[in-house]
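Mapping to full-length UniProt numbering: the sequence shown position 305 is 343, numbers consecutive.
Note that the Cβ used here is the ideal one computed from N, Cα and C, for glycine as well.
Just so we're clear, the structure is a prediction, and the values are computed from it rather than from any experiment.
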Amino acid sequence: EGIVNSLDTFTDEENMLRESVRKFSEEVVAPKVRDMDENEMMDPEIIKGLYEQGLMGIEIPQEYGGSECSFMSAIIAIEELAKIDPSVSVLCDVHNTLVNTIFRTWGTKEQKDKFLTILSNGSVGSFCLSEPASGSDAFALQTRARKEGGHWIVNGSKMWITNAYEADVFLIFANTVRFTLTIKVDPSKGYKGITCFAATKDMGIQIAKKEQKLGIRASSTCTLNFDDMKVPEENVVGGVGQGYKIAIECLNEGRIGIAAQMIGLAQGAFNKAVPYTYERKQFGQSVGTFQGMAFQIAQAATDITAARLLMYNAARRKEEGKSFTKEAAMAKLVASQVAQRVSGQAIEWAGGVGFTRETGIEKYWRDSKIGAIYEGTSNIQLQTIAKFVQKEYS
Ligand code: CAA
Ligand code: FAD
């Protein structure tokens, strides 16, 4: 589209990747979107296709079977998939920007050999931080791990875990503080005991519930229970007590991914509704050419471009090793607002047709609501941005 092409900052490799993900999304994903939404189930053939396209190990080095592409490439893939289906997009997003990133950044050589190899070759990953009593206040988590011989024994429960239904690999954040005599912490700083554990399904992960949702219905969201689950000592990722840092640092990256998902979603709704407004005639004229419509469409095109620039800027800053936490929070905040606004308007632009399930426009609007909730609600993004502003101006 013109909007994307007007941003001339991509490498040839990134442009080629965009084209190939677009083709995959349109040819393989698009025909299945409606059924997957209605059945609330991800089609395993799509997951297989994502692996065949090299999208599930997009940043993983080739020595572990990955595609070894840039972070920007991972972001472009998420954006392109979301134009057709935000559920497929978030499956890929969590797997890459959260799970694979943690192993790539903090994994030992042995962990990389073991986990990156399977994660780029058929095993889906999930990121298990939130719990029934700790969502925004994520570091107040209650899941506990205690050491027994060469193992950690994990007890607790996780809620809202994306990909859990399809996953083989689970990164579980649990607190070790109560049981670790060597770490002396102020109780209010209990989060300094949070530790990241790599677990596989066969260790005894129980799926207690699969949610029924308003949107992204093909993406699984589950509650998990751990009942004296044994995790080998060598599966601690990044060291005991490093979990909170690992979680929030990869979420800073993940938030750029969610911004990309929301921008792809907004563009997808725009792409479906706008051509219709030029075909549909009322009062002897294409409805999209009435000034009241044309200006809304122009505003939406501008909003999508503005959000997209914020998102690409955050992604480039991350690639260049510059600070990007504030920029990622701003990009996610704005992209989720734009996605909600544009997808809502897209329904109205198409009139009654937009309100039916048949065109798929209403689905974008249902899918857009989640952007303001997961990977930190909009208030949490504002809180993050506010801290930077206060630091800069006081
Ligand atoms: N980047 C880096 N470090 C950060 C940070 C950020 N954005 N925010 C906080 N920290 C660090 C602080 O520097 C501090 O570290 P030190 O003690 O080492 O200095 C520590 O975290 C605690 O900081 P605060 O006391 O300021 O933070 P808090 O306890 O009030 O809240 C938070 C911290 C839990 C990270 C909160 O700001 C937050 O982001 N909540 C949302 C949680 C979230 O995003 N969950 C997503 C789950 S995954 C998901 O949703 C996936 C999906 O759907 C697809
Ligand atoms: P709460 O924290 O209870 O927030 C409720 C309201 O209070 C919100 O509007 C919030 O903005 C507001 N609020 C809270 N604290 C403050 C504050 N300090 N200042 C101002 N307002 C505040 N988690 C994972 O770990 N892994 C996943 O894969 C995952 N996937 C998800 C998929 C879906 C579909 C959903 C719905 C959630 C997922 N989550 C996942 C959890 C998600 O990150 C949390 O839902 C989110 O962080 C918000 O937590 P909460 O739902 O407990 O809301």
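Cβ neighbour criterion (16 or more within 10 Å) applied to residue 57 = For the purposes of this step, residue 57 is taken as residue 19 along the sequence shown, with counting starting at 1. By the neighbour-count rule (16 or more Cβ atoms within 10 Å), residue 57 is not buried but exposed.
Buried/exposed call for residue 226, threshold 16 Cβ in 10 Å = Taking the first residue of the sequence shown as position 1, residue 226 is located at position 188. At residue 226 the pLDDT is 47, less than 50, meaning the model places this residue with poor confidence and gives no usable figure here.
Tell me residue 235's beta-bridge partners as DSSP assigns them.
-> Locating residue 235 in the sequence shown gives position 197, where the first residue counts as 1. Per DSSP, 210 and 274.
Report all residues from its chain with a CB closer than 6 Å to the CB of residue 60; omit the five preceding and five following residues, and keep chain order.
-> As a first step, residue 60 must be located in the sequence shown, where it is residue number 22. Cβ within range, chain order: 118.
Cross-strand partners of residue 189 (DSSP beta bridge) | For the purposes of this step, residue 189 is taken as residue 151 along the sequence shown, with counting starting at 1. Beta-bridge pairing links residue 189 to 186 and 270.
Tell me whether residue 55 sits in a helix, a strand or coil according to DSSP, three-state version.
-> One-based indexing of the sequence shown puts residue 55 at position 17. Helix.
If you draw a straight line from the C-alpha of residue 396 to the C-alpha of residue 75, how long is it?
-> For the purposes of this step, residue 396 is taken as the residue at position 358 of the sequence shown. For the purposes of this step, residue 75 is taken as the residue at position 37 of the sequence shown. In a straight line, the C-alpha of residue 396 is about 12 Å away from that of residue 75.
Can at least three beta-carbon pairs, one atom from the stretch 99-107 and one from the stretch 274-290, be found at a separation below 8 Å?
-> no
Tell me whether residue 224 is buried or exposed, calling it buried when 16 or more other Cβ atoms sit within 10 Å of its Cβ.
-> For the purposes of this step, residue 224 is taken as the residue at position 186 of the sequence shown. Low per-residue confidence applies at residue 224: pLDDT is 48, beneath 50, and the placement is therefore not dependable enough to give any value.
The beta strand (DSSP E) spanning residue 166 covers which residue range?
-> For the purposes of this step, residue 166 is identified with residue 128 of the sequence shown, where counting begins at 1. Residue 166 -> beta strand (DSSP E) spans 162-166.
Residue 391 beta carbon near ligand 2 (any heavy atom closer than 7 Å) = Against the sequence shown, residue 391 aligns to sequence position 353. For ligand 2, not one heavy atom lies less than 7 Å from the Cβ of residue 391.
Residue from 335, 183 and 291 with nearest C-alpha to residue 304 = Taking the first residue of the sequence shown as 1, we reach residue 304 at position 266. Of the listed residues, the one whose Cα sits closest to residue 304 is 335.
Within 10 angstroms of its Cβ, does residue 255 collect 16 or more other Cβ (buried), or is it exposed?
-> Numbered from its first residue, the sequence shown carries residue 255 at position 217. Result: buried.
Host alpha helix (DSSP H) of residue 298 (start-end) = Looking up residue 298 in the sequence shown gives position 260. Its alpha helix (DSSP H) spans residues 281-317.
Buried or exposed: which applies to residue 54, given that a residue is buried once 16 or more other Cβ atoms fall within 10 Å of its Cβ?
-> Here residue 54 refers to the residue found at position 16 of the sequence shown. Flag for residue 54 reads exposed.
Helix or strand or just coil, what does DSSP make of residue 421?
-> For the purposes of this step, residue 421 is taken as the residue at position 383 of the sequence shown. DSSP places residue 421 in helix when its eight states are reduced to three.
Residue 291: beta carbon under 7 Å from a heavy atom of ligand 1?
-> As a position in the sequence shown, residue 291 is number 253, starting the count at 1. Incorrect: residue 291 has no Cβ contact closer than 7 Å to ligand 1.
With distances taken Cα to Cα, identify the nearest neighbour of residue 353 among 79, 112, 143 and 69.
-> The sequence position of residue 353 within the sequence shown is 315, counting from 1. Nearest C-alpha to residue 353: 112.
Give every residue of the same chain whose Cβ lies closer than 7 Å to the Cβ of residue 128, excluding the five residues on either side of it in the sequence, and list them in chain order.
-> Position 90 of the sequence shown holds residue 128. Contacts found: 200, 254, 257 and 299.
With a Cβ-Cβ cutoff of 8 Å, do residue 161 and residue 123 count as a contact?
-> Residue 161 sits at position 123 when you count from the first residue of the sequence shown. Residue 123 sits at position 85 when you count from the first residue of the sequence shown. Inclusion of residue 161 and residue 123 in the CB contact set at 8 Å is not warranted, their separation being larger than that value.
Which partner residues does residue 194 have in the DSSP bridge list?
-> Here residue 194 refers to the residue found at position 156 of the sequence shown. Bridge partners of residue 194 according to DSSP: 264.
Would you say residue 180 touches ligand 2, meaning its beta carbon is less than 7 Å from a heavy atom?
-> Working through the sequence shown from its first residue, we reach residue 180 at position 142. Answer for residue 180: no, Cβ out of range of ligand 2.
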